[in-house]
Structure formats: structure tokens, C-alpha cells
Amino acid sequence: MFVLTYVTVSGQYTYDFNDGCREAYSKIISLKFEAGQKLIDQEKLSHPQNNIPYLLENYIYFLKVFISEEEALFEELDEKKDDIIDRLEDGDENSPYYRYCLAQVNLQWAVARTKFKEYVSATLEINRAYRLLEDNKEDFPNFLPNNINLGLLHTMIGTIPDNYNWVKRMVGIEGTVDEGVNEILAVLNESIENPEFSHYKAECLFYLSFIQMNLMTNKSKTLDYIRIIEQDKSSMENPMAIYAIARIYMSNGMNDKAIDLLVNRPTGVEYFPFYYLDYLTGLAKLHRLDDDANKYFFKYVINFKGINYIKDAYQKVAWHYFVHGNTEKYKEYIAKVEKYGNTVVDADKQAEREAEKDNMPNYHLLRARLLFDGGYYQEAVEDLTTEKRDNFLRNEEDELEYTYRLGRIYHEWGKINDGIRYYEQTIKEGSESETYFAANAALQLGKIYEQQKQYDLAVQYYEAAQSMENKEYRNSINQKAKAGLNRVENRN
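Right, dumping it as C-alpha cells:
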């Protein structure tokens, strides 16, 4: 429908997402970069006027940088990006792919830059991408691929807390989470029905599963996406799809299925290393209190040369030893948290705070937390209620975490009234605490009341979640609370 011929009257470069390009795209999304690059090189020789191979080449650059987080690789490929943009700018401006491709490159590099704290450049590239996409939508309103990136941008902007409104003004984007989801869903539905767009299915499902898990109230909705993914057997050979499916299983209390998927995932030299899957395997096994959870975290910290989740991984190794009764090993590995890694993401910040406290966690509370995260609710409750609480709660922070943990367990277990009671108690006792317990309790109450269509109460608790004194997980809680307010205020 939108595919152009190879040669135009003006001699400009053209855009043909042909079968060869679709195959290359599928290889790239599956992290088979060498195979994808070979197909790109073949396409460049066969159809030298076609600009799509250059867009696909940028996908490889972006994914390598995003997954590896290696600064030297980022700097090397950032220089090549300029050549790709120069080539794309010489394309046929009458094609809907012209602005789309330029926007895609700008957006991908903006996301990559955030890994390395290049926020000003990233903001400029996001602004540029958005303007290109909006202009493209105006000129080519039926060009579906445009909606993927617009959907992502509208979703992201809908989660920015009010105290960061200057960011919205700087990037000049307006949008809501629901608007973004609907735009991506439109592409997904077309990719299922129309072979011309089938190559976008995996990418859409990846984005939607992430958004649904992190920014929406109905986590079980993500299981619908799993069913679509599983219908395509090639997804089981795609590490990105496996990441999405495993995260969905874990967020829905299906930890055993996540472990089975992760330990049996495809590996080999044909895949670009995705060491985060080792971290995720360790996490799922830790939630089940498996004896070998630590070895997967070791694989991650030894092999991964990037920035994030290093401190968190060492913390999880320390936890592994602690819940298995080895306090000396706990001390050894919690000390490594302060020596290695960075504090960009909330998980690493929280790990650093624990290391700085120089205070071992509460055995029963930690076991209950891990079992809860794995969806083992009965076992988690038993860990907290079998013994008298006075025998293992040491201080006010333990007391606060105790009520919070019971609230989380009962909520996810479907015992909503019990969950609400413990959440309210947590907020009452911990609204001024630097821990995250009261803030996240307020966030969860916002979700409960939103699902019950008690929107005034939902707004009350989403606003409360953003006003707490917590230093732990502050960014992620505020982002999710803002997404909740965005949904409620813009509901149909």
C-alpha cells in the first residue's frame, strides 16, 4: 500500500520494506544481528536505492547499545548514526517512510542516550522525532507504522509527574497512557490481520506487555498478549519475546512457568548476548528460594559490562545466602554493593541504601517478600503468621514492613478487604517514613479503587503516593501514580 518503486523520477532514494527487509527485521528483533546484517548487505547490493536497509542497520546499532550498555560501543556507533541520518535525509520526501525513518532513528538514539545520562541531547531527539511523526500523521493519516512510536511517546509523556511538567514543555508532547496503548493496539491488530504489517507484531507485543505490566491496573490482561505470542512458534526462538513472556509470568504469580521458560531459552553464538536474562532467571529462582539462584546472578555480574542492576544483583546474592542461613556470605556480598555498579535505576539505589545501613534484613520479612514476589502467597503468609510477631519484629521499620507485606500478599491473593485494611494501616503509620512501604501502599489502593470505579478515592490515593517522604523506589512509584491519575482523569 505504501511501498514505493525503486527508482523515482528525481533519482531520490526510495523505501521498499520488501520480503528481504522483513526477513532481516525478524532476525534483528530476535537478536540474530550477524544474520540480519548479512541480509541487509544483500539488500544494499540488490537494491542500492532502497533506504530501508539503513533503518534496519540502525536497529542493530540501537539494540546493541541498549542491551549491552557499553559506553565504548555507544560512542563508536553514535558516530555511524550520523551517516545513516544523512542517507535517510536524501530519501523521497513524498514517501510516508521518509519522516518515519528519521523519527525512528532519533527516538532510538534518544532512548539509548538516557542509559548514559545524556538527557539534553535525548530531549532534543525526542522533540525532533515527535515533530516528524506528527507531520507524517497529518500528511499520511493511514500509515500505521507511525502509530507505534507515537503510541510510545504518548504513553511516556502520560506518566511524567506534575513536578516534572518542565520536561513536557521542553519536549512539547501531549498525550495519555490510554491514547498510546490504543495507537499501538491498532498496529498490533493490523499486523495479525494483514501480512504486509506482520513483521511489526513482535515489537508491538513487546511494548504492550511492558506498558500493561508497569502502567496499567489489569496485569492479567498481559496474559492475552502471551496467547498471541505463543501462537507464533518463532517467538520461542526470540530472546526479546522470552524476556516479555517471563516478565508477564512473574508479574502474574506464575513464577514456575517463568523459570521453566528462562532456563530452557535458546542460546548460541548466533544471538547477541542478553545477560539480563541471567539476572531475571536468578531473580525468579530467588523468589522460589532455590539453592542455585546465586549462580545466575554471578553469571550476570561477571559477563555484563554495562551500567544497571549490578548493585542490585550483588544485593540479591547477599539475600540468597541470608535466607539460606549464611550470614557471613551475606555480609561479604552486601559489601560488594558499595564497590561495584551505579545508582541510575531505583533497584540499584535501594541496594546501595541497604548496604549503607550496615544492618542485616529481617529473616522472616525477607523470606515473605521473596515468596510473595514469586506468587507463593500461602507460604508467604505462613512465614509471617506461624511465629508470634513480637518474636521477630525488631523495630518500628519492621512493624511497618510487616503490615505492608500482609497488605501486598492479601491484595494479590484476591483477599481485597484484608489488603485494604493493611494498606491503610501502613499509610497511617508510615506516611513520613523514608521507606517505600506507605507510598506503595497508597499506589496499590489507588489501583484497587480505580478498578472498583471509585474514582475520587483512586485520585486521592494516587496523589498521596506522590506526596510521601519515601526515598526508596521514588521514581518508579511516582511514575506509576502519575500513570494512574492520567488514566482516571482521561477515562471515557
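Just so we're aligned: the sequence shown equals residues 74 to 565 in this note's numbering. Just so you know, even glycine gets a beta-carbon here, dropped at the ideal spot from N, CA and C.
Residue i - partner residues in DSSP beta bridges
i            : result
threonine 87 : Asn123
Closest residue to residue i among the options (Cα-Cα distance)
i              : options                        : result
threonine 400  : Asn376, Met433, Glu429         : Met433
proline 346    : Glu96, Ile101, Leu288          : Ile101
leucine 146    : Arg201, Tyr134, Phe279, Arg361 : Tyr134
leucine 457    : Arg440, Asp155, Asp446, Gly447 : Arg440
glutamine 498  : Ala515, Trp486, Lys488         : Ala515
asparagine 262 : Thr249, Leu281, Ile332         : Leu281
lysine 358     : Asp329, Ile299, Arg186         : Asp329
glycine 414    : Ile375, Lys430, Leu438, His437 : Ile375
tyrosine 173   : Asp156, Arg201, Thr196, Glu148 : Arg201
alanine 183    : Tyr203, Tyr450, Leu258         : Tyr203
lysine 378     : Glu142, Gln115, Tyr98          : Glu142
histidine 437  : Val454, Thr196, Ile157         : Val454
lysine 488     : Arg186, Gln423, Tyr450         : Tyr450
glycine 503    : Gln527, Tyr528, Tyr522, Glu472 : Glu472
arginine 560   : Thr228, Ser549, Met541         : Thr228
DSSP three-state assignment for residue i, whether helix, strand or coil
i                : result
glycine 164      : strand
glutamine 423    : helix
isoleucine 550   : helix
methionine 541   : coil
valine 417       : coil
valine 532       : helix
lysine 137       : helix
asparagine 337   : coil
asparagine 399   : coil
methionine 313   : helix
glycine 93       : helix
tryptophan 486   : coil
glutamate 256    : helix
arginine 564     : coil
serine 103       : coil
lysine 190       : coil
isoleucine 380   : coil
asparagine 220   : helix
arginine 361     : coil
phenylalanine 75 : Residue placement at phenylalanine 75 is flagged as unreliable, the pLDDT there being 38, under the threshold of 50; the coordinate-derived value follows with that caveat. Phenylalanine 75 falls in the coil class under three-state DSSP.
lysine 461       : coil
alanine 251      : Alanine is not the amino acid found at residue 251; the sequence shown has aspartate there. The answer is helix: DSSP assigns aspartate 251 an H, G or I state.
glutamate 474    : helix
methionine 433   : coil
Exposed unless 16 or more other CB atoms sit within 10 angstroms - verdict on residue i
i              : result
tyrosine 369   : buried
aspartate 89   : buried
valine 254     : buried
leucine 558    : buried
aspartate 159  : exposed
proline 218    : buried
asparagine 291 : exposed
glutamate 460  : exposed
leucine 356    : buried
lysine 274     : buried
tyrosine 564   : For clarity, residue 564 is arginine in the given sequence; the question names tyrosine instead. When all chains shown are included, arginine 564 counts as exposed.
arginine 547   : buried
proline 312    : buried
glycine 341    : exposed
leucine 118    : exposed
valine 396     : buried
valine 336     : exposed
serine 506     : buried
glutamine 552  : buried
Residue i: CB within 7 Å of a non-hydrogen atom of the ligand ADP
i             : result
glutamate 148 : Because no ligand of any kind appears in the structure shown, any question about the ligand ADP cannot be addressed here.
Cβ pair residue i, residue j closer than 8 Å
i              : j                 : result
tyrosine 483   : tyrosine 475      : no
isoleucine 407 : alanine 420       : no
valine 193     : asparagine 220    : no
glutamate 256  : isoleucine 230    : no
asparagine 124 : threonine 87      : yes
serine 293     : asparagine 325    : yes
alanine 319    : leucine 296       : no
valine 417     : alanine 428       : no
leucine 443    : leucine 362       : yes
isoleucine 321 : arginine 338      : no
aspartate 14   : glutamine 85      : Here the chain comprises residues numbered 74 to 565, so residue 14 is not present and cannot be evaluated.
lysine 137     : phenylalanine 106 : yes
tyrosine 509   : glutamate 545     : yes
leucine 161    : leucine 175       : yes
tyrosine 373   : aspartate 351     : yes
alanine 538    : alanine 556       : no
tyrosine 572   : tyrosine 394      : The structure shown has nothing for residue 572, since the chain only spans 74 to 565.
isoleucine 199 : leucine 180       : yes
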